[in-house]
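Residue numbers for the sequence shown, in the working numbering: 30 to 224.
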Amino acid sequence: MSQSVTKVQPVIDFMQSRRSVPAKMMGGPGPDKNEIRQMAEIASRVPDHGKIAPWRFVEYSQAAKLRLDGLISSRAVEKQPDLAGELYAIEQTRMQRSPTVIGLISAPKAHPKVPIWEQEISCGAAGMNWLIAANAFGYDAQWLTEWIAFDELLAPHFGVQEGERIAGFIHIGTRTMPKTERDRPMLDDVFVELA
Numbered sequence: 030m031s032q033s034v035t036k037v038q039p040v041i042d043f044m045q046s047r048r049s050v051p052a053k054m055m056g057g058p059g060p061d062k063n064e065i066r067q068m069a070e071i072a073s074r075v076p077d078h079g080k081i082a083p084w085r086f087v088e089y090s091q092a093a094k095l096r097l098d099g100l101i102s103s104r105a106v107e108k109q110p111d112l113a114g115e116l117y118a119i120e121q122t123r124m125q126r127s128p129t130v131i132g133l134i135s136a137p138k139a140h141p142k143v144p145i146w147e148q149e150i151s152c153g154a155a156g157m158n159w160l161i162a163a164n165a166f167g168y169d170a171q172w173l174t175e176w177i178a179f180d181e182l183l184a185p186h187f188g189v190q191e192g193e194r195i196a197g198f199i200h201i202g203t204r205t206m207p208k209t210e211r212d213r214p215m216l217d218d219v220f221v222e223l224a
C-alpha cells in the first residue's frame, strides 16, 4: 500500500459486512427528522455528471403511508379480483412495514452530454447511499420495488411527476430478528482483469 494512502479500517469492515434486512423484519425505532435529512444529504453525494441531480427523494408520513396502502390494496383487487386472505393483507400494509419509507424517484433531465442511462445509474447510486447512510446511523434498511413501483396509476400518488419513474422504496427501521448473511456471488464469476 502506498504511504500516501490512508486505510480506514472501520469503513472497510463496515462495507464488508453491510447487508439489507427485509422490511417485514423491521420495527421501531426509526430515524428522526434530523437523521433523515442527514441521510438525504449523504444520498445526494453520488457521481452526477453535469450536476443535474437526476433523482428526488420523497418521505412518506404515517398518514401518507396509510392512505397509500388503501390505494394499493384497492388497485391490487382491480388487478386480481379474487385476491383475499393473507395475500390481500400484504397489500393493505406494504407501506407500513417499516417506520420510515423513502421514495427513490428517477428524475432524468434532457441534457446534451449526459445520456439517460447515466442519469439512471446516478439514481441507483443515490439509492445505495441511502442504504449505507441508514446503516451508518445504526438502522436497518432495504430497497424494494415490487409491483407497486411499476404501476402507472399509482405513481402520481407516490409523488411521481411526468417523465419520472420510481426506482424503489427505501425502508428504514430496526430489525426485530437477528441479521443473517446471504449467499454472495463468487468473486471470480463477477470480477476479471483484462490484460
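No residue lacks a Cβ here, since even glycine has one placed at the ideal position from N, Cα and C.
Quantities reported herein were computed from a predicted structural model and do not represent experimental measurements.
Work out the CA separation of residue j and residue i for me, nearest whole Å.
i	j	result
I41	S33	18 Å
A124	Q38	Note that residue 124 is Met in the sequence shown here, rather than Ala. Answer to the nearest angstrom: the Cα atoms are 36 Å apart.
I177	A224	44 Å
E181	V189	10 Å
L216	I161	21 Å
A113	I131	28 Å
P60	Q109	35 Å
A52	Q121	15 Å
N158	A72	5 Å
P58	P141	44 Å
I65	V221	38 Å
F166	D111	42 Å
R126	K94	10 Å
R104	K36	51 Å
D212	E175	21 Å
A139	R194	15 Å
I81	A92	31 Å
Counting along the chain, where does the beta strand (DSSP E) carrying residue i start and finish?
i	result
V219	No beta strand (DSSP E) holds V219; the alpha helix (DSSP H) holding it covers 216-219.
S135	129-135
Q171	169-173
Output needed for residue i: all residues of its chain with C-beta closer than 8 Å, excluding positions within five of it in sequence on either side, in chain order.
i	result
G153	A196
S151	V75, P76, D77, H78, P83, W84
E13	Nothing about residue 13 can be read from this structure; the chain reaches only from 30 to 224.
V87	I131, G132, I134, F187, G188
S303	Nothing can be reported for residue 303, as the shown portion of the chain is limited to 30 through 224.
K208	R48, V50, D169
Tell me whether the beta-carbon of residue i lies closer than 8 Å to the beta-carbon of residue j.
i	j	result
L97	H200	no
A170	A163	yes
R204	M55	yes
L100	L183	yes
F198	L116	no
G192	Y168	no
R48	E147	no
Check for me: the alpha helix (DSSP H) holding residue i runs from which residue to which?
i	result
R66	62-72
I195	Not the alpha helix (DSSP H): I195 falls in the beta strand (DSSP E), residues 194-204.
P39	38-46
Does any CB atom of chain D fall closer than 8 Å to the CB of residue i?
i	result
E181	Considering every chain present, this structure includes no chain D. It has just one protein chain.
If I measure Cβ to Cβ from residue i and keep anything under 6 Å in the same chain, skipping five residues before and after, which residues do I get?
i	result
V106	L112
P128	G57, G59, G202
Consider the C-beta atom of residue i and the heavy atoms of the ligand GTP; say whether any pair is separated by less than 7 Å.
i	result
P144	For the structure depicted, the ligand GTP is absent and the ligand set is empty, with no information on it obtainable.
Run through the segment 80-151 for me and flag every whole beta strand (DSSP E) of 3 or more residues, listed as ranges in chain order. 84-88, 129-135
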